[in-house]
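Chemist: Handing you this structure, nothing more for now.
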């Protein structure tokens, strides 16, 4: 049976596919769709016997499986409290004498369930799967009523994680019925080894004692194993093992799954479950003569290129509207060259984990945190939920790590009596007894799942206790600041160091990696919505400098409601990084190559024309694919000359590519161009057959120091500073980037008085052309009103809505949403050209707008740039100007606004250039 089977009768309901492709029976009924619904804020339902009314007391309708706060639920209310659900169902299993099991993917928070008015059980916890055997109360020849009463009061002890972007309330994962024989397999846990040994622990629930055969049949019969057992009534645990010959290993590059069946035959009945496993091993190890560990996948070092996934959808909130969208999430990650994802402070939906298994991406899965004091009630609730999560998701080969806590959230005791007991050795009320509880949770997780990496707490306060992996968070903007910080962390990481560990605890040789980074919070007031491409490239470069670091988690995969630092917009549309302008063919995936060339230099340097510079290069290899081979390093120094890409220098070298880790290569010696230019040194690593393995670059602002600039052209140039306009008519206008950029909106003009050489200086002028850099001007709310600085308190972590248009640091990164303007160019009132400015972009191409930022922790039009505009004056007009030797230049936008970039802003190192030839 296909793991994606959808019954024909269920195709028109939401999320119609089987919710658990990792454990699927053939006879089931999807209960998603319309349910009767009613809030019960006054808690009248129990007293009024709503559980016996077959939904007649419930006045509204909700679409399951969507949280009642989400738009897709049809309710869209963020009310917390009590709500009731009811659904009438006619269903009789085909198997005679079958057990009928009612299953819930997840319900937040406390659930009481009745079938036909009879109580069948309760459950607490917002993220775990649970089920009830309803056989004894189920009618196979009449209509059944399923009633669910849910309480969600946002108690301080309940696991909530990052709810706040949109609340998880009530039923928020699929509900279904399932038929099972009297003796059935509850679950099987697969532990795999690289030699093909598969150890399986199976739980069997038996209504009747007797002899049974447990069978495992995978890979279309190529893998087959049977085990004979004697069942006792109740729960039975069966352990067995078998060996897969010539095992195919699972990895992100080759996500091979052994798909097949587990079956139990007993008392003349069979329970058949479609499932799968992947053969892979996760570990940490010392490699070579290093005294620090790396993370290993299948016995080899792996560099973890990862992203933080909030798993938030604008209409379903934390429930995906469709299976296709879950598939696409993994696809969108992999197309970036990422090989792992951190699911943030929540377990992922099982079907998305299935696609992670199927398409191949490693998963770091967090436990949901509570937000109150870590008292006994919170600890018990947490422990119960963590047990459910690990038990449910144990078999997914994609999951390589459990993160038990995040940033000490829920671990700080805020009550007054506890606060009085804190001292300098226990900062932020992270009490010794809480630390020991965290240690016990780490050790418990290691005991129940010794096959995975376990982290005690993913820290931003340097407060590990005991962990398999030594991670830290940082949000720092600015090249020097970031470089110094990362170097400091690496230097302080060694066995016995107290750095990154809380009072009395020290580092082991656990692998060092970053588990949250990005410039979204490294800026005063937050970055708003701004270019991330510039910062991202040099951050990747800095990480790969360090042999000790083995991965990172970038914040984040998609924008969310308070953080706009995603690779993609919230709706999944693209952002444009602009790397292809620097190195043809380059994408963000080049920065995630396991074999990488580090350019150990700032993202941009200011140099004189003709200057000599030496660039240090490093090789960073976390793959043995090319080890022992001679690879080619191709490099090119180029610059843009008024729209023409010009190569100043180039070369190729042969590199012996051997061994894991980071080592030095021969440096490059370069000579800068002899004119004002943004120069780019681009490097490509090529395989023996000429295939590009990775690309990288850095830039230089090459300056002549001459008033009019120095440009290699036939003729002469006059440079007119963009801020030197003599007239400006706009409803809204201002200068930015230290007067190197002028802005006007919505419609208006800038006027410049241009003086040409006198007749005594140049007898005749035959041709005049203008070059300038211009873009449209999208007016943000902060451009029209006073900017708003939000206080960065814990409400931001809960997803407090912040309109980025008010943020002083915002300048929307280039994406598929274009802002067009028409620019009219007039000379002495005569229209000589109309230019369509397609957008108001900002990304890595805005080299000068990044390079000349005044301070690192505030952004002013960061990464913004325009289009190179070239206007040739008509011959008749040029003839007239030969007499007048001056003219008024008007740059006029009819709509869409206008922004002009000067020598130290944008993409091109020019002001308004008047090029004339005599």
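In the working numbering, the protein residues as written are 388 to 1305. Idealized CB from N, CA, C, for every residue including glycine. All values reported here derive from a predicted model rather than from experimental measurement.
Hey, how far is the Cα of residue 918 from the Cα of residue 1230?
Modeler: For this step, residue 918 is matched to residue 531 along the chain shown. For this step, residue 1230 is matched to residue 843 along the chain shown. Those two C-alpha atoms are separated by around 5 Å.
Chemist: Below 6 Å CB to CB, which residues in the same chain sit around residue 433 once its five sequence neighbours on both sides are set aside?
Modeler: If you number the chain shown from 1, residue 433 lands on position 46. There are no such residues.
Chemist: What is the DSSP secondary structure of residue 957, counted as helix, strand or coil?
Modeler: The residue you call residue 957 lines up with position 570 of the chain shown. The answer is coil: DSSP assigns residue 957 none of H, G, I, E or B.
Chemist: Please return the same chain residues whose Cβ sits closer than 8 Å to the Cβ of residue 1101, not counting the five positions on each side in sequence.
Modeler: Working through the chain shown from its first residue, we reach residue 1101 at position 714. Excluding positions up to five away in sequence, the list reads 1304.
Chemist: Taking contact to mean at least 3 C-beta pairs separated by less than 8 Å, is the region 976-994 in contact with the region 1203-1217?
Modeler: At 8 Å Cβ cutoff, the stretches do not touch.
Chemist: Comparing alpha-carbon positions, which option in 453, 1249 and 1211 lies nearest residue 1238?
Modeler: Translated into the one-based positions of the chain shown, residue 1238 becomes position 851. It is 1249.
Chemist: Residue 1045: buried (16+ other C-beta within 10 angstroms of its C-beta) or exposed?
Modeler: As a working mapping, residue 1045 is identified with position 658 in the chain shown. Result: exposed.
Chemist: Return yes when the Cβ of residue 620 is within less than 7 Å of the Cβ of residue 599, no when it is not.
Modeler: Translated into positions along the chain shown, residue 599 becomes position 212. Translated into positions along the chain shown, residue 620 becomes position 233. Their beta carbons are not under 7 Å apart, which means residue 599 does not touch residue 620 by this criterion.
Chemist: Taking contact to mean 3 or more Cβ pairs, one atom from each stretch, closer than 8 Å, check whether the region 648-658 and the region 562-573 are in contact.
Modeler: The region 648-658, when compared against the region 562-573, does touch it at the 8 Å Cβ threshold.
Chemist: Using DSSP with H/G/I as helix, E/B as strand and the rest coil, what is residue 1218?
Modeler: One-based indexing of the chain shown puts residue 1218 at position 831. Residue 1218 falls in the strand class under three-state DSSP.
Chemist: Please classify residue 406 as buried or exposed, where buried requires at least 16 other C-beta atoms within 10 Å of its C-beta.
Modeler: Along the chain shown, one-based indexing puts residue 406 at 19. That one is buried.
Chemist: Within this structure, are the beta carbons of residue 897 and residue 907 separated by less than 7 Å?
Modeler: Here residue 897 is taken as the residue at index 510 of the chain shown, counted from 1. Here residue 907 is taken as the residue at index 520 of the chain shown, counted from 1. No, the pair does not count as a contact, with Cβ atoms beyond the cut-off.
Chemist: Using CA atoms only, rank isn't needed, just tell me which of 514, 438 and 597 is closest to residue 500.
Modeler: Translated into the one-based positions of the chain shown, residue 500 becomes position 113. It is 438.
Chemist: In the DSSP assignment, find the unbroken beta strand (DSSP E) run with residue 739 in it and report its ends.
Modeler: As a position in the chain shown, residue 739 is number 352, starting the count at 1. No beta strand (DSSP E) contains residue 739, which is instead part of the alpha helix (DSSP H) from 737-746.
Chemist: For residue 681, which residues from the same chain have a beta carbon less than 6 Å from its beta carbon, with the 5 sequence-adjacent residues on both sides left out?
Modeler: Numbered from 1 along the chain shown, position 294 holds the residue referred to as residue 681. Excluding positions up to five away in sequence, the list reads 674, 688, 898 and 937.
Chemist: Can you give the beta carbon distance from residue 495 to residue 422, rounded, assuming they're within the 8 Å contact cut?
Modeler: Counted from its first residue, the chain shown places residue 495 at position 108. Counted from its first residue, the chain shown places residue 422 at position 35. Contact flag wrong, Cβ pair sits at about 16 Å.
Chemist: What residue from 1055, 1253 and 1140 has the CA that sits closest to residue 1273's CA?
Modeler: Taking the chain shown and counting its residues from 1, the one referred to as residue 1273 is at position 886. The residue with the shortest Cα to Cα distance from residue 1273 is 1140.
Chemist: Expressed to the nearest angstrom, what Euclidean distance is found between the alpha-carbon atoms of residue 486 and residue 972?
Modeler: Position 99 of the chain shown, counted from the first residue, corresponds to residue 486. Position 585 of the chain shown, counted from the first residue, corresponds to residue 972. Spanning the two alpha carbons is a distance of roughly 58 Å.
Chemist: Is residue 840 helix, strand or coil when you go by DSSP?
Modeler: Along the chain shown, read from residue 1 onward, the residue named residue 840 stands at position 453. Residue state, collapsed to three classes: strand.
Chemist: So is residue 1121 buried or exposed if we call it buried at 16+ other beta carbons inside 10 Å?
Modeler: Here residue 1121 refers to the residue found at position 734 when the chain shown is read from its first residue. Residue 1121 comes out exposed.
Chemist: If you compare alpha carbons, which of 1017, 1062, 1030 and 1051 is closest to residue 1043?
Modeler: To locate residue 1043, count along the chain shown from 1; it is residue 656. The shortest Cα separation from residue 1043 among 1017, 1062, 1030 and 1051 belongs to 1017.
Chemist: Is the separation between the beta-carbon of residue 852 and that of residue 887 shorter than 7 Å?
Modeler: As a working note, residue 852 is residue 465 in the chain shown. As a working note, residue 887 is residue 500 in the chain shown. Result no, Cβ atoms of residue 852 and residue 887 do not sit closer than 7 Å.
Chemist: List the endpoints of the continuous alpha helix (DSSP H) containing residue 718.
Modeler: Indexing the chain shown from 1 puts residue 718 at position 331. Per DSSP, residue 718 belongs to the alpha helix (DSSP H) from 710-721.
Chemist: Is residue 741 near residue 408, with beta carbons less than 7 Å apart?
Modeler: Taking the chain shown and counting its residues from 1, one reaches residue 741 at position 354. Taking the chain shown and counting its residues from 1, one reaches residue 408 at position 21. In contact: residue 741 and residue 408 (Cβ atoms closer than 7 Å).
Chemist: May I ask you to report which of helix, strand or coil DSSP gives residue 1118?
Modeler: Translated into the one-based positions of the chain shown, residue 1118 becomes position 731. Coil, per DSSP.
Chemist: Taking all protein chains shown into account, do 16 or more other C-beta atoms lie within 10 angstroms of the C-beta of residue 1287, making it buried, or fewer, making it exposed?
Modeler: What you label residue 1287 is simply residue 900 of the chain shown in a count that begins at 1. Burial call: buried.
Chemist: In whole angstroms, what separates the C-alpha of residue 1171 from that of residue 417?
Modeler: Residue mapping note: residue 1171 aligns to position 784 of the chain shown, counting from 1. Residue mapping note: residue 417 aligns to position 30 of the chain shown, counting from 1. If you take the alpha carbons of residue 1171 and residue 417, they lie about 52 Å apart.
Chemist: Quick one: give me the first and last residue of the beta strand (DSSP E) that residue 1386 is part of.
Modeler: An answer regarding residue 1386 cannot be provided, because it is not within the stretch 388 to 1305 covered by the chain.
Chemist: Hey, quick one: how far does the alpha helix (DSSP H) through residue 835 stretch, first residue to last?
Modeler: Along the chain shown, read from residue 1 onward, the residue named residue 835 stands at position 448. Start and end: 819-835.
Chemist: Apart from the five residues just before and just after residue 1002, which ones in its own chain have a Cβ nearer than 7 Å to its Cβ?
Modeler: As a working note, residue 1002 is residue 615 in the chain shown. Within the same chain, residue 1002 has close Cβ partners 986, 988, 1054, 1055, 1057 and 1068.
Chemist: Mind listing, in chain order, the continuous beta strand (DSSP E) runs of no fewer than 3 residues lying wholly within the region 754-794?
Modeler: Runs found: 786-790.
Chemist: Counting only the same chain and skipping the five closest in sequence on each side, list residues whose C-beta sits under 7 Å from that of residue 548.
Modeler: The sequence position of residue 548 within the chain shown is 161, counting from 1. Closer than 7 Å at Cβ, skipping near neighbours: 732, 733, 755 and 756.
Chemist: Per DSSP, what kind of secondary structure is residue 688 in: helix, strand or coil?
Modeler: Your numbering for residue 688 matches position 301 in the chain shown. Residue state, collapsed to three classes: strand.
Chemist: When you compare each of 765, 1283 and 698 to residue 728 by their alpha carbons, which one comes out closest?
Modeler: Start at 1 with the first residue of the chain shown, and residue 728 comes out as number 341. Here the closest residue by C-alpha is 698.
Chemist: Thinking residue 666 and residue 579 are a contact (beta carbons under 8 Å), I'd like their distance in whole angstroms, please.
Modeler: Here residue 666 refers to the residue found at position 279 when the chain shown is read from its first residue. Here residue 579 refers to the residue found at position 192 when the chain shown is read from its first residue. With 8 Å as the limit, residue 666 and residue 579 qualify as a contact, their Cβ atoms being about 4 Å apart.
Chemist: Use the C-beta contact count for residue 1306: other C-beta atoms within 10 angstroms, 16 or more gives buried, fewer gives exposed.
Modeler: Summary: the structure shown does not reach residue 1306, with the chain confined to residues 388 through 1305, and so no result is reported for it.
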